[in-house]
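Structure first, then comments.
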Amino acid sequence: MPDGRSAACVADAIRAAAVRLEATSDTARLDAEVLMAHALGVSRSDLLLRHMRSEAPAGYPALVDRRAAHEPVAYITGQQEFFGLPFMVTPEVLIPRGDSEVLVETALKARPGARSVLDCGTGSGALLLAVLANLPQARGTGIDSSPGALAVAASNARTLGLDERARMMAADWHRAGWSETLGGPFDLILANPPYVENDAELDTSVCEYEPAGALFSGPDGLDDYRILVPQLPALMAPGGLALVEIGHRQAEAVSAIGQAAGMAATIHHDLANRPRVIAFS
Ligand code: GLN
1 MPDGRSAACV ADAIRAAAVR LEATSDTARL DAEVLMAHAL GVSRSDLLLR HMRSEAPAGY
61 PALVDRRAAH EPVAYITGQQ EFFGLPFMVT PEVLIPRGDS EVLVETALKA RPGARSVLDC
121 GTGSGALLLA VLANLPQARG TGIDSSPGAL AVAASNARTL GLDERARMMA ADWHRAGWSE
181 TLGGPFDLIL ANPPYVENDA ELDTSVCEYE PAGALFSGPD GLDDYRILVP QLPALMAPGG
241 LALVEIGHRQ AEAVSAIGQA AGMAATIHHD LANRPRVIAF S
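All residue numbers for the sequence shown refer to the UniProt record's numbering, where the first residue is 1 and numbers rise by one.
Okay, structure coming up:
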């Protein structure tokens, strides 16, 4: 090969990429493997078992360059796994985080018989679709103010075979009357609203690539909770439950907003044992 780059075998190319990505990523080796699997169109386990001695594909260096410029792996591959399910992601949606899986687990444990589910700010649809995939009797509505996000969510519903039970609708809780056409009340409400302080210093891979509208919510990150949370009681069926994701320092403030609206609040923790979800009932 004239430039010497693509003549390397897969194993050598991954090793070199992992070294290069050390400066950008805490998971450099994993990133290098995931990008290689994507370039070859194989799963990561197939890559490791069967392809390490093949010739590295010509397209690989360009993918590594994108990651070295801090672009998240999920936007490069167009995919992120969440709750064991494959989700398509684009820069129009927040990349589903492992931390949010606790919200899905809590929903499944607390309301296994739920028949109607609302997901406020559905983005890729990850929360709603992970819940519906595990509650065969339930139907759900995902709302978002971003048309680009709704297209991604609808595509994920189709791919996962859930489009008969999940509908995605444009709605914005900042606008009066936003919830009138949703067809509530709901047994289960999920929400991962924007909750980052406007002037927070985020990783480059987050602040330069992920949608600002899904992240930032005023000087203290609480603006969306102040608008959305007091409206939850009117959307909840009798005995219903609302699960709201929070930043780990927001448990008290968000509990207080819900309590002022007449709801009881219970805090649930993520895998790192930080407060991550408030359950309102
Ligand atoms: N967990 C995300 C982050 O820290 C924020 C998600 C959100 O604002 N809903 O980047």
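Cβ atoms here follow ideal geometry from the backbone N, Cα and C, with glycine treated the same way.
Nonlocal neighbours in the same chain, by C-beta distance under 6 Å from residue i, ignoring five residues either side
i           : result
residue 173 : 227, 228
residue 2   : Residue placement at residue 2 is flagged as unreliable, the pLDDT there being 45, under the threshold of 50; a coordinate-derived value is accordingly withheld.
residue 138 : 114, 115, 117, 132
residue 178 : 171, 172
residue 145 : 172
residue 17  : 32, 64
Sequence-distant residues of its chain with Cβ nearer than 7 Å to residue i (five each side left out)
i           : result
residue 252 : none
residue 95  : 72, 74, 80, 89, 210
residue 127 : 100, 103, 104, 119, 190, 192
residue 235 : 118, 179, 184, 185, 186, 189
Reduced DSSP category for residue i - H, G, I as helix; E, B as strand; rest coil
i           : result
residue 231 : helix
residue 259 : helix
residue 241 : strand
residue 94  : coil
residue 226 : helix
residue 278 : strand
residue 267 : strand
residue 252 : helix
Classification of residue i by the beta-carbon crowding that lies within 10 angstroms, buried from 16 upward
i           : result
residue 122 : buried
residue 264 : exposed
residue 202 : exposed
residue 238 : exposed
residue 117 : buried
residue 19  : exposed
residue 130 : buried
residue 33  : buried
Assumed close pair residue i, residue j - CB separation to whole angstroms, cut-off 8 Å
i           : j           : result
residue 247 : residue 221 : 6 Å
residue 10  : residue 54  : 5 Å
residue 114 : residue 135 : 6 Å
residue 62  : residue 13  : Going by Cβ atoms, the distance from residue 62 to residue 13 rounds to 12 Å, so no, they are not a contact pair.
residue 278 : residue 258 : 7 Å
residue 124 : residue 87  : 5 Å
residue 152 : residue 206 : About 18 Å separates the two Cβ atoms, so there is no contact after all.
residue 110 : residue 241 : 6 Å
residue 107 : residue 243 : 6 Å
residue 166 : residue 157 : 4 Å
Beta-carbon contacts of residue i that lie in its chain and below 8 Å, excluding the five residues immediately before and after
i           : result
residue 23  : 68
residue 255 : 265, 267, 278
key: Any beta strand (DSSP E) of 3 or more consecutive residues that is wholly inside the UniProt domain "Methyltransferase small" (100 to 200)   = 116 to 120, 139 to 144, 166 to 170, 186 to 191
ask   = What alpha helix (DSSP H) runs, 4 residues minimum, are completely inside the stretch 20 to 73?
value = 28 to 40, 60 to 68
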